[in-house]
Structures are given as structure tokens and as C-alpha cells.
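The structure appears right after this line, and notes come after that.
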Amino acid sequence: MDIREEFEKLDGIAETIKNGIYYYEKSNSYCSAVGTSYVSLARINGAWYAFQEQQKKIDAIVSIVREADLSDGNSSVAIVHDEIMELLK
792 MDIREEFEKL DGIAETIKNG IYYYEKSNSY CSAVGTSYVS LARINGAWYA FQEQQKKIDA
852 IVSIVREADL SDGNSSVAIV HDEIMELLK
């Protein structure tokens, strides 16, 4: 599942996009097909931006832990890596 699919499954987001809001890939943002309010669009686009920024941080942490685990085989690093991966499910 890609990051946008994860985002669109969130409760508040899934409910909002049912009302005529669609993703426009060229601008990496959400638009309205039926004149949805500016507030709804601003809310979903702000949430989408924040979600992407948070995902970048998560990906960086996972990468660092994965590299540390592969470089020295430290079992405590492997445990932390497994715990992080479980949280991300």
C-alpha cells in the first residue's frame, strides 16, 4: 500500500473525500469536483502535507535502524527495528 492509500484510509479523511474530493497527481494535492468548500479542501490538503512530512521522518528512522542492524548485527537494534516495523503496520 502506498502512502496516499494509507492517508485516504484514515477515518476523517475517508469521510471527507467521499464528498467529491479527488487527488490531482500533477499538483500532489486534493481538488474538488463538485464545489466542495474551501475549508474542506484546505483541511485535507493540510493534513496530506503533514502526513507526508511525518512519513519522511518515519522512513528516515526506519532506514537508520535497518542500516545499524545490518552493519553490526546487534540484537538490540534488531529488536528495535522489529518493534518499529510492527508499529508501522
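Under the numbering used here, think of the first position of the sequence shown as 792, with each following residue one higher.
Glycine is no exception: its CB is placed at the ideal position from the N, C-alpha and C atoms.
A quick note: this is a predicted structure, and the numbers were derived from the prediction, not measured.
One thing to note: R795 has its Cβ no nearer than 9 Å to the Cβ of Y813.
For R857 and Q845, the gap between their C-alpha atoms comes out near 18 Å. Between I875 and V853 the beta-carbon gap is near 6 Å, inside 8 Å, which marks them as a contact. Per the DSSP secondary-structure output, S820 pairs in a beta bridge with Y815. The alpha-carbon of T807 is positioned some 13 Å away from that of A824.
In this structure, the alpha-carbon of A833 lies about 39 Å from that of A859. Scanning H872, F842 and I855 for the CA closest to the CA of E799 turns up F842.
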